[in-house]
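Residue numbers (the working numbering), protein chains in the order written: chain A, 1 to 284; chain B, 285 to 589.
The beta carbon of each residue, even a glycine, is placed where N, CA and C say it ideally should be.
Note that the structure is predicted; figures quoted are calculated from it, not measured.
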Amino acid sequence: MPRGILQTLARNGGGYLGALIVLVNVAVAVLAPTVAPHDPLDQDIARRLLPPSWLVGGSPEHLLGTDQLGRDILSRMIWGSRVSLLIGLLSVLISLPVGVAAGLVSGYFRGRLDDFVMRVADVQLAFPFILLAITIAGVLGPSPRNIVLILAAGGWVVYARLTRGQVLGLREKEFVEAARALGLGHVPLMLRHILPNVVTPIIVVATFSVAQMILLESSLSFLGLGVQPPTPSWGGMLSDGRGYITVAWWLMTFPGAAIMLTVLGVNFVGDWLRDLLDPRLQSI
Amino acid sequence: MQRYVARRLAQAILVVLGVSLVVFVVIRLSGNPAYLMLSPNATEAERAKLVRDLGLDRPVLVQYATFLRQAVAGDFGRSLRYNQPALPLVLERLPATLQLTAAALIVSLLIAIPAGIAAALCRKTVFDSLTMLAALFGQSMPVFWLGIMLILLFSVRFHVFPTSGSGGFEHLVLPALTLGLYSTARVTRLMRAGMLDVIGQDYVRTAWAKGLPGRTVVLKHALRNTLIPVVTIVGLELGTLLGGAVITETIFAWPGIGRLAVTAIFQRDYPLVQAVVLVTALVFVACNLVVDLAYAWLDPRIRFD
Numbered sequence: 001m002p003r004g005i006l007q008t009l010a011r012n013g014g015g016y017l018g019a020l021i022v023l024v025n026v027a028v029a030v031l032a033p034t035v036a037p038h039d040p041l042d043q044d045i046a047r048r049l050l051p052p053s054w055l056v057g058g059s060p061e062h063l064l065g066t067d068q069l070g071r072d073i074l075s076r077m078i079w080g081s082r083v084s085l086l087i088g089l090l091s092v093l094i095s096l097p098v099g100v101a102a103g104l105v106s107g108y109f110r111g112r113l114d115d116f117v118m119r120v121a122d123v124q125l126a127f128p129f130i131l132l133a134i135t136i137a138g139v140l141g142p143s144p145r146n147i148v149l150i151l152a153a154g155g156w157v158v159y160a161r162l163t164r165g166q167v168l169g170l171r172e173k174e175f176v177e178a179a180r181a182l183g184l185g186h187v188p189l190m191l192r193h194i195l196p197n198v199v200t201p202i203i204v205v206a207t208f209s210v211a212q213m214i215l216l217e218s219s220l221s222f223l224g225l226g227v228q229p230p231t232p233s234w235g236g237m238l239s240d241g242r243g244y245i246t247v248a249w250w251l252m253t254f255p256g257a258a259i260m261l262t263v264l265g266v267n268f269v270g271d272w273l274r275d276l277l278d279p280r281l282q283s284i
Numbered sequence: 285m286q287r288y289v290a291r292r293l294a295q296a297i298l299v300v301l302g303v304s305l306v307v308f309v310v311i312r313l314s315g316n317p318a319y320l321m322l323s324p325n326a327t328e329a330e331r332a333k334l335v336r337d338l339g340l341d342r343p344v345l346v347q348y349a350t351f352l353r354q355a356v357a358g359d360f361g362r363s364l365r366y367n368q369p370a371l372p373l374v375l376e377r378l379p380a381t382l383q384l385t386a387a388a389l390i391v392s393l394l395i396a397i398p399a400g401i402a403a404a405l406c407r408k409t410v411f412d413s414l415t416m417l418a419a420l421f422g423q424s425m426p427v428f429w430l431g432i433m434l435i436l437l438f439s440v441r442f443h444v445f446p447t448s449g450s451g452g453f454e455h456l457v458l459p460a461l462t463l464g465l466y467s468t469a470r471v472t473r474l475m476r477a478g479m480l481d482v483i484g485q486d487y488v489r490t491a492w493a494k495g496l497p498g499r500t501v502v503l504k505h506a507l508r509n510t511l512i513p514v515v516t517i518v519g520l521e522l523g524t525l526l527g528g529a530v531i532t533e534t535i536f537a538w539p540g541i542g543r544l545a546v547t548a549i550f551q552r553d554y555p556l557v558q559a560v561v562l563v564t565a566l567v568f569v570a571c572n573l574v575v576d577l578a579y580a581w582l583d584p585r586i587r588f589d
């Protein structure tokens with residue numbers, strides 16, 4: 001099996017590239033204190049708004065230049081990757097079990113509970129989530145913990161609907177009926193016989209969802225309702241640079257490119273996982 | 285058809301009620317609005333009087349019922365910041381947002397429909413792979429970064445379009461392009477999938493088998509039936525576009541309701557936030573209802589589902 005995985009990875013150029021991007025990203029985030037050339041909070045007004053090192057006026061010490069307070073852009077981006085990856089992963093890790101549990105229970109028992117859960121999901125899907133997210137972030141106050149909770153509150157629906165759809169088909173299958181006839185209780189039945197059969201599509205959806213969450217977090221931080229300064233975050237760096245758009249293009253170009261590259265990498269991995277695990281899921 | 289319309293209408297009302305409840309509860313979490321409306325050195329008696337006048341001492345459910353009754357009558361409360369009724373403030377800004385969203389939708393459909401159809405017809409060729417790769421890039425791009433890159437290129441570097449504000453057509457170009465390109469990626473993927481679906485149908489295979497020329501098969505048999513996926517996609521994209529408009533309006537200082545919501549949140553003007561969210565919900569649900577009914581009209585199978 002591991003050899004099979006590696007072979008499909010080699011054949012799928014995008015998956016290979018995506019896995020590489022994600023691995024490098026994670027490594028950089030974990031090793032931020034050692035790989036960052038400068039302290040991300042270190043200000044030096046004398047060296048403010050330095051262009052990238054390859055341009056006239058650039059300094060070899062600051063590869064991607066400095067911001068309006070003379071902080072090193074590259075170092076801030078390296079530390080910023082921690083925020084993006086951590087918030088993206090945590091919000092998925094919270095919303096996934098909640099959504100899967102809701103989908104399992106409502107698909108298995110049907111009835112009133114199912115109606116209720118699906119109506120709540122409909123309401124949530126029927127409205128642009130970002131508008132609710134900024135409202136809640138504004139009211140509760142923007143902290144990393146609140147951002148994770150808000151994103152998780154928006155993310156569970158996808159898993160719930162997906163799981164429920166699968167469970168509806170599975171609960172009528174013979175192996176489930178057989179297990180029930182043998183006297184297995186509801187909970188062990190759901191966990192041991194139904195859940196393993198829905199894991200594959202959930203993994204694929206969860207991967208795309210990490211990408212989505214990273215984008216949402218950066219949007220919130222860009223609007224000033226996400227991670228607060230001086231903590232470096234990619235969205236926040238773009239927001240800080242807005243006032244200098246006519247004089248210092250590098251303030252916003254590089255952090256934005258980092259967001260895009262990361263999200264692209266995760267999406268590539270998601271595409272690859274989908275092809276590998278379940279070719280029928282072309283529509284996701 | 286009547287039963288279908290009735291059911292969709294009931295669902296639409298449910299969505300609006302759901303959104304209103306969530307917003308109502310969230311905003312009550314922010315603390316007592318009476319404290320925001322009074323000066324810091326108001327006396328305890330003044331506070332108590334205001335709390336009583338606003339009905340804030342009554343049970344939350346009663347407050348929600350009052351709020352709903354007033355909202356139905358068109359009273360969404362007063363903006364704390366402007367000291368005016370909130371609803372007219374929102375309605376004043378609504379046309380700008382609708383204009384931006386419509387322009388973006390046109391940009392998106394103009395690019396995505398031909399691209400998606402062409403990709404589906406040239407399936408498994410280099411053109412198809414490149415289109416899908418471009419779409420994946422587009423989906424991975426934060427909309428605010430796209431906007432900023434367009435400003436850097438067309439405003440700062442080449443001075444073709446203004447960086448922000450509103451007014452003439454030239455002000456609309458960059459925001460519409462930003463928001464439009466943001467949705468183009470998704471629409472192209474959906475369009476390609478929809479066309480692939482149609483091409484795989486029996487009647488298309490029959491048309492090929494009859495020996496009809498390729499042009500006739502594509503234009504007459506396949507293309508006409510992609511109208512249904514296009515309608516579905518427009519419905520799906522409205523939410524994405526309205527959400528994206530919040531950010532796009534902020535970047536380009538476009539005077540729509542998205543920017544109004546963001547500034548109102550920073551000014552803790554919660555009645556205004558509440559009004560924006562509810563008006564958005566109403567607009568969105570109304571658009572979706574129209575799309576769904578158009579869908580049922582185009583495809584009779586839906587009505588009997």
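Does any residue of chain B have a CB that is nearer than 8 Å to the CB of A:A126?
yes
Going by beta carbon distance, what residues of the same chain come within less than 7 Å of B:C571, once the five residues before and after it are set aside?
L522
CB contact flag (B:A370, B:R362, <8 Å)
Yes.
Where does A:L86 fall in DSSP's three states?
Three-state DSSP puts A:L86 in a helix.
Relative to the C-alpha of B:G527, which candidate in B:V502, B:V427, B:I435 has its C-alpha closest?
B:V427
When the cut-off is 8 Å and only beta carbons count, does A:T231 lie next to chain D?
Note that chain D does not occur in the displayed structure, where the protein chains are A and B.
Give the interface partners of B:G523 over in chain A, defined as CB-CB distance under 9 Å, in chain order.
Near B:G523 (Cβ distances below 9 Å), the residues of chain A are L125, A126, F127, P128, F129.
Below 8 Å on C-beta distance, what does A:M260 contact in chain B?
Simply F421, S424, M425, P426, W429.
So with Cβ pairs under 8 Å, would you call B:L507 a contact of chain A?
no
Quick one, which of A:A29, A:T66, A:P33, A:V30 has its alpha-carbon nearest A:T46's?
First, the amino acid is wrong: residue 46 of chain A is Ala here, not Thr. The shortest Cα separation from A:A46 among A:A29, A:T66, A:P33, A:V30 belongs to A:T66.
List, from N- to C-terminal side, the beta strand (DSSP E) runs of 3 residues or more that fit wholly inside the segment 160-191 of chain A.
none
Could you check the C-alpha separation between A:A102 and A:R164 for me, to the nearest Å?
8 Å
If you measure from the beta carbon of B:L436 to each beta carbon in chain A, is any gap under 8 Å?
yes
DSSP three-state assignment for A:D72, whether helix, strand or coil
strand
At what residues does the alpha helix (DSSP H) containing B:R470 begin and finish?
453-483
What did DSSP end up calling A:P201 once you bin it into helix, strand or coil?
helix
Would you mind sorting B:N509 into buried or exposed? The rule is 16 or more other CB atoms within 10 Å of its CB.
buried
Run through chain A and tell me which residues come within less than 9 Å of B:F568, C-beta to C-beta.
A126, F127, P128
I'd like to know if B:I517 contacts chain A, where contact means its C-beta is closer than 8 Å to some C-beta of that chain.
no
Quick check: what's the CA-CA separation for A:L170 versus A:V176?
7 Å
Contact test: A:V176 Cβ vs the ligand SAM heavy atom, cutoff 7 Å:
Judged by which ligands are present, the structure shown has none, so any question about the ligand SAM falls away.
Should the segment 83-101 of chain A be called in touch with the segment 288-302 of chain B, which here means at least 3 C-beta pairs below 8 Å?
no
For B:S439, I'd like the list of residues in its chain whose CB is within less than 8 Å of its CB, leaving aside the five on either flank, ordered along the chain.
The beta carbon of B:S439 is closer than 8 Å to those of F445, P446, T447, L458 in its chain, skipping five residues each way along the sequence.
Look at the alpha carbon of B:L503 and the alpha carbon of B:I517, and state the distance between them as a whole number of angstroms.
20 Å
Residue interval of the alpha helix (DSSP H) (run including A:L125)
111-125
On a CA-only basis, which of B:P497, B:L389, B:D481, B:L573 is nearest B:Q295? Give me that one, please.
B:L573
Please classify A:I284: does DSSP put it in a helix, a strand, or coil?
Low per-residue confidence applies at A:I284: pLDDT is 43, beneath 50, and the placement is therefore not dependable, though the value from the model is reported in the following sentence. Three-state DSSP puts A:I284 in coil, outside helix and strand.
Distance between beta carbons of B:L562 and B:F421, contact taken as under 8 Å:
Actually they are not in contact, since the Cβ atoms of B:F421 and B:L562 sit about 36 Å apart, beyond 8 Å.
Alpha carbon to alpha carbon, what distance is there between B:N325 and B:L525?
44 Å
Using beta carbons (cut-off 8 Å, strictly below), is B:A545 in contact with chain A?
yes
CA nearest to the CA of A:P37, picked from A:L74, A:Q68, A:L216:
Distance from the Cα of A:P37 is smallest, within the candidate group A:L74, A:Q68, A:L216, for A:L74.
For the candidate residues A:V269, A:V117, A:L93, whose alpha-carbon lies nearest to that of A:V22?
The residue from A:V269, A:V117, A:L93 with its alpha-carbon nearest to that of A:V22 is A:V269.
With a CB to CB cut of under 6 Å and the five nearest residues on each side skipped, what residues in its chain are close to A:S218?
For A:S218, where only same-chain residues beyond five positions count, the Cβ hits under 6 Å are W234, G235, I259.
Just checking: is the beta-carbon of B:L565 within a distance shorter than 8 Å of some beta-carbon in chain A?
The sequence given here has Ala at residue 565 of chain B, not Leu. Yes, B:A565 lies at the interface with chain A (some Cβ there is under 8 Å from its Cβ).
Terminal residues of the continuous alpha helix (DSSP H) containing B:A357?
Neither: B:A357 is in no alpha helix (DSSP H) and is coded neither H nor E.
Pull up the DSSP beta-bridge partners for B:R362, would you.
B:P369
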